[in-house]
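For the sequence shown, counting from 1, position 33 maps to 1361 in my numbering; every step adds exactly one.
As structure tokens, the structure follows; a few thoughts come after it.
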Amino acid sequence: MRDRIVAYAYLIRLDKPIGTLLLLWPTLWALWLASGGFPEWHLLIIFTLGTFLMRSAGCAINDYADQDFDRHVLRTKDRPITSGKISGKEALMVAGTLALIAFLLIQPLNALTKELSFFALAVAILYPFTKRFFAIPQAVLGIAFGFGIPMAYAAVLDFIPLEAWVLFVGNIFWAIAYDTAYAMVDRDDDLRLGLRTSAITFGRFDVIAIALSYGVLFLSQVWVAHLANLSNYFWLGWCLALACAIYHLKLVSTRKREECFKAFRHNNWLGGFLFLGILLGLARF
């Protein structure tokens, strides 16, 4: 039983919180912007726990979908399903249970938020399979990782303003940026297995594509700052995040696996600095 619990923990990536953080930051951006400051405590708790649950469910679905590929990749061959520690059916049970708990968690919220949760779940299920046929599956990941944005606005305001959609689109391009860096780590294995990733699609223009994606993210943040009437203190967080992006571009330009993975993981700081900019922009000193 202990070994099985450990296998479940690895299945939902308890040892790798970076995915949860990359999903949480956009959700926090949206909660603070929609609330005009610190959100109500119950919303913060619901969305934080929901982020963890849905990211964990997504990992289980991803490993189920990729089990035939993962065993041929050095980095993933020891994952719980491919190593035989748990079955594919067990992974689906874990994913279903976590998704159900997440849905129960949002029951106190309004109908619009609940309706959006079904779309969020559908995209989370679809994403792992897009690597078989879609040239830039990282865009689908961006949609999945950004669905907390319209849901947060819906929970607070009971409608979704333009500001939310600008933030949402910016998050899609952020995901393309950081997950392309991640895909550069596995590019050779993905080519051999016939999978599709943005790193393969962009080819020798991969670093330029990451730079352009970051550009859309930072422009979208400026637009949102204007729509939300954020103060000039917003620029402090924005500039710190920009420094992170420049650092990431320096890392990925080497095209070395370790450096690209480092750039991917460092995006946690970029998301955090953008959140800091929103906090400062909303504060009234």
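The C-beta atom is built at its ideal place from N, Cα and C for all residues, glycine as well.
Please read all numbers here as calculations on a predicted model, not as lab measurements.
Whole alpha helix (DSSP H) elements within the stretch 1424-1505, 4-residue minimum | For the stretch 1424-1505, whole alpha helix (DSSP H) runs of length 4 or above, ordered along the chain, are 1439-1458, 1465-1474, 1476-1485.
Just checking, does the stretch 1572-1589 make contact with the stretch 1342-1358 on the three C-beta pairs under 8 Å criterion?
-> The stretch 1572-1589 is not in contact with the stretch 1342-1358.
Pair within 7 Å by beta-carbon distance, ILE1429 and LEU1381 = Residue mapping note: residue 1429 aligns to position 101 of the sequence shown, counting from 1. Residue mapping note: residue 1381 aligns to position 53 of the sequence shown, counting from 1. In this structure, LEU1381 lies closer than 7 Å to ILE1429 by Cβ.
Using DSSP with H/G/I as helix, E/B as strand and the rest coil, what is VAL1401?
-> Reading the sequence shown from its first residue, position 73 is the one you call residue 1401. In the three-state DSSP reduction, VAL1401 falls in the coil class, being neither helix nor strand.
Separation of MET1329 from THR1425, as counted between CA atoms = Taking the first residue of the sequence shown as 1, we reach residue 1425 at position 97. Taking the first residue of the sequence shown as 1, we reach residue 1329 at position 1. Rounded to whole angstroms, THR1425 to MET1329 spans 18 Å at the Cα level.
Count the CB pairs spanning the stretch 1355-1367 and the stretch 1485-1501 that are closer than 8 Å, and state whether there are at least three.
-> The stretch 1355-1367 is in contact with the stretch 1485-1501.
Span separating the alpha-carbon of LYS1442 from that of SER1384 = Taking the sequence shown and counting its residues from 1, one reaches residue 1442 at position 114. Taking the sequence shown and counting its residues from 1, one reaches residue 1384 at position 56. In a straight line, the C-alpha of LYS1442 is about 19 Å away from that of SER1384.
Check whether the stretch 1500-1519 touches the stretch 1465-1476, counting contact only when three or more Cβ pairs, one atom from each stretch, lie closer than 8 Å.
-> Taking a contact to require three or more Cβ pairs closer than 8 Å, the stretch 1500-1519 and the stretch 1465-1476 qualify as touching.
Could you please give the first and the last residue of the uninterrupted alpha helix (DSSP H) stretch that includes ASN1560?
-> Taking the sequence shown and counting its residues from 1, the one referred to as residue 1560 is at position 232. Neither: ASN1560 is in no alpha helix (DSSP H) and is coded neither H nor E.
Relative to the alpha-carbon of LEU1372, which residue among LEU1437, ILE1409, LYS1413 has its alpha-carbon at the smallest distance?
-> Here residue 1372 corresponds to residue number 44 of the sequence shown, with the count starting at 1. Across the set LEU1437, ILE1409, LYS1413, the C-alpha of LEU1437 shows the shortest separation from the C-alpha of LEU1372.
Beta carbon of GLU1602 nearer than 7 Å to that of GLY1543 | Position 274 of the sequence shown, counted from the first residue, corresponds to residue 1602. Position 215 of the sequence shown, counted from the first residue, corresponds to residue 1543. The question names Glu, but residue 1602 is Leu in the sequence shown. Cβ atoms of LEU1602 and GLY1543: not closer than 7 Å.
Pairing CB atoms from the stretch 1470-1480 with CB atoms from the stretch 1352-1359, are three or more of them under 8 Å?
-> Result yes; three or more Cβ-Cβ pairs closer than 8 Å.
Would you check if the distance between the CB atom of ALA1452 and the CB atom of ALA1472 is smaller than 7 Å?
-> The count along the sequence shown starts at 1 and reaches residue 1452 at position 124. The count along the sequence shown starts at 1 and reaches residue 1472 at position 144. It is a contact, given that the beta carbons lie within the stated cut-off.
For SER1581, which of ALA1527, ASN1560, ALA1553 has the nearest alpha-carbon?
-> Taking the sequence shown and counting its residues from 1, the one referred to as residue 1581 is at position 253. A check of alpha carbon separations from SER1581 across ALA1527, ASN1560, ALA1553 identifies ALA1527 as the nearest.
Would you tell me roughly how many angstroms separate the C-alpha atoms of TRP1493 and LEU1555, rounded to the nearest one?
-> As a working mapping, residue 1493 is identified with position 165 in the sequence shown. As a working mapping, residue 1555 is identified with position 227 in the sequence shown. Rounded to whole angstroms, TRP1493 to LEU1555 spans 12 Å at the Cα level.
In angstroms, rounded to a whole number, what distance separates the CA positions of SER1415 and TYR1392?
-> By one-based count along the sequence shown, residue 1415 stands at place 87. By one-based count along the sequence shown, residue 1392 stands at place 64. Between SER1415 and TYR1392, the C-alpha separation is close to 9 Å.
Evaluate LYS1459 with the Cβ neighbour count: other Cβ atoms within 10 Å of its Cβ, from every protein chain shown; 16 or more gives buried, anything less gives exposed.
-> Within the sequence shown, numbered from 1, the residue matching residue 1459 stands at position 131. By the 10 Å Cβ count, LYS1459 comes out buried.
Just the C-alpha distance for ARG1332 and GLU1418, rounded to the nearest angstrom, thanks.
-> As a working mapping, residue 1332 is identified with position 4 in the sequence shown. As a working mapping, residue 1418 is identified with position 90 in the sequence shown. Whole-angstrom Cα-Cα distance: 10 Å.
How big is the Cα-Cα spacing for TYR1575 and LEU1547?
-> Translated into the one-based positions of the sequence shown, residue 1575 becomes position 247. Translated into the one-based positions of the sequence shown, residue 1547 becomes position 219. Roughly 18 Å separates the two Cα atoms.
Under a Cβ-count criterion, where at least 16 other Cβ atoms within 10 Å of its own Cβ denotes burial, should CYS1387 be classed as buried or exposed?
-> Indexing the sequence shown from 1 puts residue 1387 at position 59. With 16 or more other Cβ atoms within 10 Å, it is buried.
From ALA1591 to PHE1562, what distance separates their C-alpha atoms?
-> Walking along the sequence shown from the start, residue 1591 turns up at place 263. Walking along the sequence shown from the start, residue 1562 turns up at place 234. Cα to Cα, ALA1591 sits roughly 24 Å from PHE1562.
So ARG1515 and PHE1461 are in contact, right, with Cβ under 8 Å, and what is the actual spacing, rounded?
-> Stepping through the sequence shown from its first residue, residue 1515 is reached at position 187. Stepping through the sequence shown from its first residue, residue 1461 is reached at position 133. Rounded to whole angstroms, the Cβ separation of ARG1515 and PHE1461 is 18 Å, and the two are not in contact under 8 Å.
Between the C-alpha atoms of ALA1463 and PHE1613, what's the straight-line distance to the nearest angstrom?
-> For this step, residue 1463 is matched to residue 135 along the sequence shown. For this step, residue 1613 is matched to residue 285 along the sequence shown. Take the alpha-carbon of ALA1463 and the one of PHE1613: they are about 47 Å apart.
Report the option in ARG1407, ASP1517, ALA1480 whose CA atom is closest to the CA atom of THR1334.
-> Here the question's residue 1334 lines up with position 6 in the sequence shown. For the sequence presented, residue 1334 should be read as Val rather than Thr. Minimum Cα distance to VAL1334 is reached at ARG1407.
Check whether the Cβ atoms of ILE1374 and LEU1454 lie closer than 7 Å to each other.
-> Taking the first residue of the sequence shown as 1, we reach residue 1374 at position 46. Taking the first residue of the sequence shown as 1, we reach residue 1454 at position 126. In this structure, LEU1454 does not lie closer than 7 Å to ILE1374 by Cβ.
Taking buried to mean at least 16 other C-beta atoms within 10 Å of its own C-beta, is CYS1572 buried or exposed?
-> As a working mapping, residue 1572 is identified with position 244 in the sequence shown. Burial state of CYS1572 is buried, judged by a 10 Å Cβ sphere holding 16 or more other Cβ atoms.
Would you list, in sequence order, the uninterrupted alpha helix (DSSP H) runs of no fewer than 4 residues that lie entirely inside the stretch 1339-1374?
-> DSSP runs (the alpha helix (DSSP H)) wholly in the stretch 1339-1374: 1346-1363.
So what does DSSP say about LYS1413, is it helix, strand or coil?
-> As a first step, residue 1413 must be located in the sequence shown, where it is residue number 85. Looking at LYS1413 - three-state DSSP - the assignment turns out to be coil, as it is neither helix nor strand.
Assuming VAL1552 contacts LEU1495 (C-beta within less than 8 Å), just tell me the rounded distance between them.
-> Here the question's residue 1552 lines up with position 224 in the sequence shown. Here the question's residue 1495 lines up with position 167 in the sequence shown. By a beta-carbon distance limit of 8 Å, VAL1552 contacts LEU1495. Their separation comes to about 5 Å.
Taking only beta-carbon positions, decide if ARG1407 is within less than 7 Å of chain C.
-> Within the model displayed, chain C is absent; a lone protein chain is all it includes.
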